[in-house]
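For the record, the sequence lines run as chains D and X.
With the working numbering, you'll find the first sequence wraps up at 1316, consecutive numbering, no jumps.
With the working numbering, you'll find the second sequence wraps up at 1316, consecutive numbering, no jumps.
For glycine and all other residues, C-beta sits at the position ideal for the given N, C-alpha and C.
Computed from a predicted model, the values in this text were never measured in an experiment.
To keep things clear, I will list the structure first and then write my remarks on it.
Protein chains: 2
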Amino acid sequence: MTSYWCERAWLGGDAVDEGVVIDVDGDRIAAVNPDVAVAPQGCVRLSGVTVPGLANSHSHAFHRALRSTTESQAGSFWTWREQMYALAERLDPDGYLALARATFAEMVLAGITLVGEFHYLHHDRGGRAYSDANRLGSVILQAASEAGVRITLLDACYLHGDGGAELAGAQRRFGDGDADRWAARVSDLAAGPTARIGAAIHSVRAVDPTAAAIVAAWAAEHGAPLHAHVSEQPAENDACRARYARTPTALLADIGAVHSRFTAVHATHLTTDDISILGTARATCCLCPTTERDLADGVGPASRLRDAGARLALGTDSNAVIDLFEEARGVELDERLVSGTRGHHSAPGLLAAATRDGYASLGWPEGGRIAPGATADFTTVGLDSVRLAGTETDHALEALVFAASATDVRNVVVAGRSIVSDGVHRDIDVARELHDAIVAVRS
Amino acid sequence: MTSYWCERAWLGGDAVDEGVVIDVDGDRIAAVNPDVAVAPQGCVRLSGVTVPGLANSHSHAFHRALRSTTESQAGSFWTWREQMYALAERLDPDGYLALARATFAEMVLAGITLVGEFHYLHHDRGGRAYSDANRLGSVILQAASEAGVRITLLDACYLHGDGGAELAGAQRRFGDGDADRWAARVSDLAAGPTARIGAAIHSVRAVDPTAAAIVAAWAAEHGAPLHAHVSEQPAENDACRARYARTPTALLADIGAVHSRFTAVHATHLTTDDISILGTARATCCLCPTTERDLADGVGPASRLRDAGARLALGTDSNAVIDLFEEARGVELDERLVSGTRGHHSAPGLLAAATRDGYASLGWPEGGRIAPGATADFTTVGLDSVRLAGTETDHALEALVFAASATDVRNVVVAGRSIVSDGVHRDIDVARELHDAIVAVRS
């Protein structure tokens, strides 16, 4: 049993509590005691504000190697994708392990305790299967374990190129041939104490409705989360309508994929009916504001989705930035930009998306909260940086969401283990490993 | 004479140079020598990327105390303004000095070497003149000097409330009564080696055309920069059109204010004619993207202004964030959000706005560049953080603009003096002073 005394902690309400003791037994929170003004002897002292561990509900770890390198050219989402494909074509298992391990370690430094890795690069060059068909999935699970982050591996089915074309170039590394082979392969992936397996339909571009139904059925059978990229770009909607006479959301709903274990990633360009479908189903919509801004996707209808009944989650997606506080405020700030008004989302609401609702969307409903029985995952943000100096308890939640950055994270506990102390990763020299891994895969 | 060896430096072109020696004599750069692969003996070694010092072309230092505190309420620019006025009403000279000194020190830590302080709070409560009429202006100049930042004090004329109403409440502290009294007062402000005086028309809301012409004439007579808030909000445009039958830009042009020493701050909601007027005049438009996003102002036509001939500069404005890299990328990223395409602004173009063009807009045309004869103001960004790990020379400028944060700034030289070394301010415990100053003015 380890006990932590938090100078301030957010227990899920509208404000932070001062003086909270968290007792941890193994990988679970055993007890939470508020109103403890002075740190009891033997407690680990956590200065600042302690919040549930942050859930990064949508990541492609290997995109980290593209950071800044795609910014010198004009273009669109689709030309950016060509640069991403060129990187995907080059990766081998050793390079991928080093890159994913360092990227996941960067996430833990940023306070992320659970990552949903949306995994579509599962084959060798030319689409050949590795001798262990899940070689790259295993690499990702190993990377997460070594980095100290909890993971849901969302293995993505990807069968077709745009317009139903055959897979070409790097895309061939994404394909299983058909959905039954995808299901057989994914069924062999092994979960663990800090790893679970989920399913993903890459998108309605890459998976036809019959195959998508097979993926959805696999997820239902396994009680697993189901994720899909949905309506990130208008062109995706146009192509889906031309081919299937309905929107991506309606198409997925028709094959039974849209339910409370479903997460629509992006959900940027939706119709009113789409919003109603997602809300009524109590589905989750995972917004990735820094990526959606970087890739010129546009601003999704986050507050309308929430008002319709959908839950919100957050993802760093392309990892051009790894900072879940910036993702959280991006939801609100980008709605301000297009609406001309403030106050669409509250700080507690955005923090719930970054914690509790992200955990649920990744199949860990017992996590993302500081409460007895919950997974012992929590993150402490210092208030002693120049960014946060002047923060008082009455607006500490607003400071976290609207002013904090990843560099303000001081301590991170995952599954009861202290992974980050005083801003330093216990096992990994993160900047050095990132540098070495990125330089290796760029050359 | 002090010599610095820069591992990499940006000398104004499309990429960084590796191995650059900067010789500094007094407060000026004496010589710049590229292609020096190994640091010569006796040189101060600057690892990372050295760029000209950053110009923060639009600041209201005291707004720093509002950071995060205004985020818990819904509303608009106009309701936010009520919270700002409540703070303005409380400030006294001692509290203002402490707050401005700490805020300017936060700026220097962020690599800012020149601040344009747009100064409208120059009277005591009730509008009474201080016994030294420039008491608060002197406080700001003292704060900048102690913080080690170069300053242009842009003293703002502010005569009327919205719709031509009499000044009320906190606004009374902004008013000189008439423009002649404003000019007499401002003529008494003393420049210094690192301080210059500029003029500002607060806005066409607060200054009638006759008075605005007097301010513009004062600036012309003194060869001083002239700034004004322009078209930040649609309501400002509507009121101006209703009253004067023209846009704010057209109105300012009619009274002779729009020229190459003029800076339009925000310039968010412009007509095609406004853009043409500003471009033809070679005026500067100072964008403040983090504030414009925070206050739900909208996204200004930055690339159209540039294409029309206007220069761009950047400001932290409300200081909800002090990070000029984030301001720079915000210009591009927010245009992506509303256009659906990428590549409106290049990294070197945005860095020029953050340096050379900001210096020019604040009346320091000899600064903002690393060149012989320029002011010896430069900033070094380390590449060893997890955010920037993996950056190579070929995309170092893109990394600075699209991925760096204020916390990556390692060294800052202003007027030949080293103010920040290894990320630490030489004279000020910045976080502590910010905390103390903010808590004092909030209570």
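Query: Report the residue from X:Thr1189, X:Ala1288, X:Val1297 and X:Asp1267 whose alpha carbon sits nearest the alpha carbon of Ser1316 (chain D).; Result: X:Asp1267
Query: So, are the CB atoms of Thr1144 (chain X) and Thr1163 (chain X) less than 8 Å apart?; Result: no
Query: Return the first residue and the last residue of the beta strand (DSSP E) that Pro1098 (chain D) is part of.; Result: Neither: Pro1098 (chain D) is in no beta strand (DSSP E) and is coded neither H nor E.
Query: With 8 Å set as the bound, which would you pick, yes or no: does the beta-carbon of Leu1178 (chain D) sit closer than that to a beta-carbon of chain X?; Result: no
Query: If you reduce the DSSP assignment to three classes, tell me which class Ser1133 (chain D) lands in.; Result: coil
Query: Would you list the one or two residues that DSSP bridges to Glu990 (chain D)?; Result: D:Ser932 and D:Leu1026
Query: Considering only residues of the stretch 939 to 1010 of chain D, which uninterrupted alpha helix (DSSP H) runs meet the minimum length of 4 residues and lie entirely inside it, listed in chain order?; Result: 950 to 963 and 966 to 982
Query: In whole angstroms, what is the alpha-carbon distance linking Pro966 (chain D) and Arg1023 (chain D)?; Result: 21 Å
Query: Using a beta-carbon distance below 8 Å, is Ala818 (chain D) in contact with chain X?; Result: Given a span of 874 to 1316 for chain D in the structure shown, any question on residue 818 (chain D) remains unanswerable.
Query: Against chain D, does Ile1311 (chain X) count as a neighbour if the rule is that its beta carbon must be under 8 Å from one of theirs?; Result: yes
Query: Using 8 Å as the limit for Cβ to Cβ distance, is Thr942 (chain X) near chain D?; Result: yes
Query: Thr1253 (chain X) lies in the beta strand (DSSP E); which residues open and close that run?; Result: Phe1251 to Val1254
Query: If you check the beta carbons only, do Val1138 (chain X) and Val1103 (chain X) fall under 8 Å apart?; Result: yes
Query: I need the DSSP call for Tyr877 (chain D), collapsed to helix, strand or coil.; Result: strand
Query: Are the beta-carbon atoms belonging to Leu1178 (chain D) and Leu1210 (chain D) less than 8 Å from one another?; Result: no
Query: So Thr1145 (chain D) is in the alpha helix (DSSP H); what residue range does that whole segment cover?; Result: Thr1145 to Thr1153
Query: Would you call the stretch 1230 to 1246 of chain D in contact with the stretch 934 to 950 of chain D, where contact means no fewer than 3 C-beta pairs closer than 8 Å?; Result: no
Query: What do you get for Arg1305 (chain X), buried or exposed, if any count of 16 or more other CB atoms within 10 angstroms of its CB means buried?; Result: exposed
Query: Could you tell me the boundaries of the beta strand (DSSP E) in which Glu891 (chain X) lies?; Result: Asp890 to Asp898
Query: I need the straight-line Cα distance from Arg1008 (chain D) to Glu990 (chain D), nearest angstrom please.; Result: 15 Å
Query: Give the DSSP-derived three-state secondary structure of Val1312 (chain X) in the structure shown.; Result: helix
Query: Would you kindly work out how many angstroms separate the C-alpha atoms of Ala1123 (chain X) and Ser1234 (chain X), rounded to a whole number?; Result: 20 Å
Query: Under a three-way DSSP split, which group does Asp1127 (chain D) fall into?; Result: helix
Query: Between Thr1253 (chain D) and the rest of its own chain, which residues show a CB-CB distance below 6 Å, the 5 nearest in sequence each way excluded?; Result: Leu919, Gly921, Thr923, Arg1283 and Asn1284
Query: Any beta carbon of chain D sitting closer than 8 Å to that of Val988 (chain X)?; Result: no
Query: Check distances from the C-beta atoms of the stretch 1227 to 1258 of chain D to those of chain X and list, in chain order, the residues that come in under 9 Å.; Result: Leu1256, Asp1257 and Ser1258
Query: If Arg1319 (chain X) and Arg1184 (chain X) are in contact, beta carbons under 8 Å, what's the gap, nearest whole angstrom?; Result: One cannot answer for residue 1319 (chain X) here, as it falls past the ends of chain X, which runs 874 to 1316.
Query: Nearest-angstrom Cα distance between Ala1186 (chain X) and Ala1140 (chain X)?; Result: 11 Å
Query: List, in chain order, every chain D residue whose beta-carbon is nearer than 7 Å to that of Arg979 (chain X).; Result: First, the residue type needs correcting, since residue 979 (chain X) is Glu and not Arg in the sequence shown. The answer, in chain order, is Val1259.
Query: Pull out every residue of the stretch 1206 to 1220 of chain D whose Cβ sits closer than 9 Å to any Cβ of chain X, in chain order.; Result: Leu1206, Asp1207, Glu1208, Arg1209, Leu1210, Val1211, Ser1212, Gly1213, Thr1214, Arg1215, Gly1216, His1217, Ser1219 and Ala1220
Query: Using 8 Å as the Cβ pair cut-off and three pairs as the minimum, do the stretch 983 to 998 of chain X and the stretch 1017 to 1033 of chain X touch?; Result: yes
Query: In chain X, which residues lie less than 7 Å from Ala1264 (chain D) when you measure between Cβ atoms?; Result: Per the sequence shown, residue 1264 (chain D) should be read as Thr rather than Ala. By Cβ distance, chain X contributes Ser941.
Query: So Leu1273 (chain D) is in the alpha helix (DSSP H); what residue range does that whole segment cover?; Result: Ala1269 to Phe1275
Query: If the cut is a Cβ gap below 8 Å, which residues of chain D does Leu1032 (chain X) touch?; Result: Simply none; closest approach about 27 Å.
Query: Residues of chain X with CB closer than 9 Å to the CB of Gly1021 (chain D), please, in chain order.; Result: What Gly1021 (chain D) touches in chain X: nothing, since even the nearest Cβ is about 15 Å away.
Query: Please report the distance separating the alpha-carbon of Asn974 (chain D) from that of Asp1302 (chain D).; Result: In the sequence under discussion, the amino acid at residue 974 (chain D) is Arg, which differs from the Asn named in the question. Those two C-alpha atoms are separated by around 11 Å.
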